[in-house]
Each structure stands twice: as C-alpha cells, then as structure tokens.
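For reference, the structure discussed in these notes is given below.
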C-alpha cells in the first residue's frame with residue numbers, strides 16, 4: 002500500500018486497490034440511460050465501488066495518509082457513508098488508526114449500531130445547534146492525538162483532495178451538462194479545480210489522465226444538486242452548516258467569469274417532488290442508488306425545460322452504501 006501503482010498514470014491505476022480488488026481506469030462505468038424528453042443522457046455509476054458509493058475513493062486516500070503518517074486518530078462528521086468506507090478500508094488493510102465519528106443525535110439507530118459494529122467510535126451531538134470547527138469536532142470526539150477531516154476549511158486548489166481520479170473520469174466524458182450530488186461539496190469542487198487546472202495546462206502539458214476536450218469543458222455546465230430541507234429524502238446531502246459554501250460559490254463565480262466552465266453552472270436545490278420521479282426511473286433501469294445518489298437526475302427532471310434535448314448530459318450516481326458488505330474489525 003505504501004507504494005501505490007502510480008499517482009497519475011492511467012495505465013497503472015490505483016483504485017479499487019490491490020490486492021483485494023483489480024484497479025482500473027476508469028474505475029466505474031458510464032452507460033446510457035433513458036430519461037423522457039432527452040436523447041443523450043449518460044450515467045456514471047459509482048455504486049460498483051467496494052462499499053457502494055463514491056466515498057470509497059476518499060476512503061482509499063485517507064487510508065494511504067493514515068498509514069504513511071502513522072495517524073493515531075481521525076475524526077469526522079458523517080451521516081454514514083464516509084465513515085463506513087473509511088472503516089472498511091482500515092479493517093481490510095489492518096490499520097490501527099481509530100476512526101472517531103461525530104453523528105447527529107437523530108441519526109438512524111441502525112446506522113449508528115453498524116458503525117460501532119465495524120469498529121468506529123461513535124459520538125453524538127446536536128449538529129443543528131452551531132457550526133463546529135475542526136478543533137471543536139476533535140474535542141467532541143475525544144481526539145487528542147490525531148486530525149479532523151470533516152471540512153476543507155480553506156479552498157486549496159493545489160490539493161487534489163480525494164477525488165482526482167474520479168474527476169478525470171468525469172471530465173473525459175466531455176458532457177455539455179454535468180449533474181453532481183452536492184453534500185460536503187468535495188467531489189463537485191474537485192471536478193472544477195481539475196477542469197481549471199487542465200485549462201491552464203493546455204499551453205504546457207496535460208495530466209496523462211486527461212483525455213477530454215478542454216474547449217468542450219469550457220462550455221460545460223457543472224451543476225451541484227443539493228438541499229436545504231431538514232427532513233429531506235436527500236439525507237446525505239443535507240448539512241446544518243457548511244462553512245466552505247461561501248468560498249465555493251465565490252470560486253464558481255470566478256470560473257464562470259473567466260469562461261473556464263459553462264455560464265449556467267451553479268449549486269441548486271432539488272425540489273422534493275422530483276426525487277421520487279428520479280427514483281422511479283432508477284428502479285426501472287436497475288440503477289443501484291439511494292435518493293441522495295440520484296439527486297442529479299432529480300435536478301435534471303426539475304430543469305428539463307431549460308436544457309436542449311439532444312445535449313450530452315452526464316449524471317453522477319454516487320451510489321448507495323452497502324452496510325452488509327463492509328468488513329468488520
């Protein structure tokens with residue numbers, strides 16, 4: 002594990018990781034789906050990852066850092082998926098780092114029980130009360146010897162932050178519209194950071210993983226699908242507080258202003274009535290997902306009158322956590 006096959010060689014991918022899986026690039030498949038009123042809609046399906054969601058990509062990077070720097074404790078706020086992914090990889094590779102998970106006091110008790118069962122230390126609080134800093138999260142999880150990885154407090158565009166390979170897989174599809182579920186915003190922002198980086202690299206040399214057309218990407222509308230409704234079905238996307246959101250919106254505005262991405266890019270709220278419609282389409286086409294995973298599809302349905310029917314549309318399905326398949330300690 003210390004020697005990952007490569008950091009950016011598409012012929013030597015690192016995910017899903019050896020020896021338990023067979024690495025490939027792209028690591029998840031893209032296929033065409035049927036959406037009434039559109040002719041060219043594609044789904045990038047992250048449900049094929051080890052525990053069923055895109056969070057496995059992040060978990061793999063966290064595992065590498067935990068091993069490399071011998072981190073004793075890691076804290077994070079989680080609604081379940083990220084914690085399951087990280088603990089799954091810790092257990093798989095026999096890492097002794099303790100994962101300390103801060104959850105909302107109203108979290109589904111079954112998920113809490115499962116997190117404890119696989120080896121997480123679970124702490125509860127009222128997450129609606131106030132926005133917590135990394136220091137406060139560490140205090141609430143009794144973490145005195147480690148780090149908190151909940152928020153990207155500073156928008157560091159030189160930090161790949163978990164999703165660089167996935168971002169290239171997305172950009173290489175050259176969509177005209179790309180819909181991405183937006184919870185913490187990590188995946189969405191990472192795609193934009195890499196789109197900007199490859200725009201700047203066009204004069205010099207692209208990353209070897211980049212096979213897209215930078216001119217098409219410069220016109221692509223990247224749309225984050227989120228919610229601000231507390232009792233939403235999109236539970237993995239709801240957050241009482243998101244300290245980085247203002248920075249993210251400023252960054253998005255600067256990319257639009259400089260013609261790095263399409264002018265209709267943005268972070269938009271999904272209306273609940275379209276969630277069921279998206280889930281029905283997903284069920285009919287045997288797509289493995291939870292409501293949050295197909296928030297992008299729901300947002301496409303919500304905005305169907307604003308998008309030309311023959312444009313290439315890419316929907317990112319972030320999947321559904323498979324609690325049964327995660328390895329116990």
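Numbering (the numbering used here), first residue to last: 2 to 330.
For every residue, glycine included, the Cβ atom is placed at its ideal position computed from N, Cα and C.
- In this structure, the beta-carbon distance from residue 301 to residue 278 does not fall below 8 Å.
- Contact check for residue 320 against residue 289 passes: the beta carbons are separated by less than 8 Å.
- Counted as a single uninterrupted DSSP element, the stretch harbouring residue 305 is not any beta strand (DSSP E), since DSSP gives it neither H nor E.
- If you draw a straight line from the Cα of residue 208 to the Cα of residue 198, it comes to about 9 Å.
- For residue 123, same chain residues with a beta-carbon under 7 Å away, outside a window of 5 residues either side, are 102, 104, 113, 116, 117 in chain order.
- Under the 8 Å Cβ criterion, the region 281 to 288 does not count as touching the region 234 to 242, having fewer than three qualifying pairs.
- Non-local C-beta neighbours of residue 63 in its own chain, meaning closer than 8 Å and more than five positions away in sequence, comprise 75, 87, 90, 150, 163, ordered along the chain.
- Across the structure, residue 81 and residue 236 are spaced so that their CA atoms are roughly 10 Å apart.
- Take residue 195, set aside five residues on each side of it, and the residues of its chain with a beta-carbon closer than 6 Å to its own are 168, in chain order.
- Residue pairing by DSSP places residue 314 opposite 42, 178 in a beta bridge.
- When 15, 26, 204 are compared, the shortest CA-CA separation from residue 174 is found for 26.
- When DSSP states are grouped into helix, strand and coil, residue 124 belongs to the strand group.
- Remark: three or more beta-carbon pairs, one from each stretch, lie closer than 8 Å, so the region 201 to 219 and the region 173 to 192 are flagged as touching.
- For the 8 Å CB-CB criterion, residue 189 and residue 135 do not form a contact.
- Pairing residue 325 with residue 218, the inter-Cα distance amounts to about 38 Å.
- One Cα belongs to residue 43, the other to residue 180, and the distance between them is close to 10 Å.
- Where residue 227 is concerned, the enclosing beta strand (DSSP E) starts and stops at 222 to 227.
- Less than 8 Å divides the Cβ of residue 313 from the Cβ of residue 41.
- Of the residues assessed, residue 204 falls on the exposed side of the cut-off, its CB having fewer than 16 other CB atoms within 10 angstroms.
- The three-state secondary structure of residue 262, taken from DSSP, is coil.
- When the alpha-carbon of residue 191 is set against those of 310, 83, 249, the nearest one is in 249.
- Rounded to whole angstroms, residue 271 and residue 186 show a C-alpha spacing of 15 Å.
- Residue environment analysis places residue 222 among the buried positions, since at least 16 neighbouring C-beta atoms fall within 10 angstroms of its C-beta.
- Membership of residue 216 in the alpha helix (DSSP H) is indicated by the continuous run 215 to 218.
- The beta carbons of residue 282 and residue 298 sit about 7 Å from each other, so the pair counts as a contact at 8 Å.
- Residues of the same chain with a CB within less than 8 Å of the CB of residue 329, apart from the 5 flanking positions on each side, are 92, 118, 119, 120 in chain order.
- Here the alpha carbon of residue 274 sits roughly 41 Å from the alpha carbon of residue 65.
- Of the residues assessed, residue 55 falls on the buried side of the cut-off, its CB having 16 or more other CB atoms within 10 angstroms.
- Put simply, of 39, 38, 35, 21 the residue whose alpha carbon is nearest the alpha carbon of residue 52 is 21.
- It is roughly 22 Å from the alpha-carbon of residue 60 to the alpha-carbon of residue 296.
- Judged by DSSP secondary structure, residue 85 falls within the alpha helix (DSSP H) whose first and last residues are 82 to 93.
- By alpha-carbon distance to residue 37, the top candidate from 327, 322, 323, 311 is 311.
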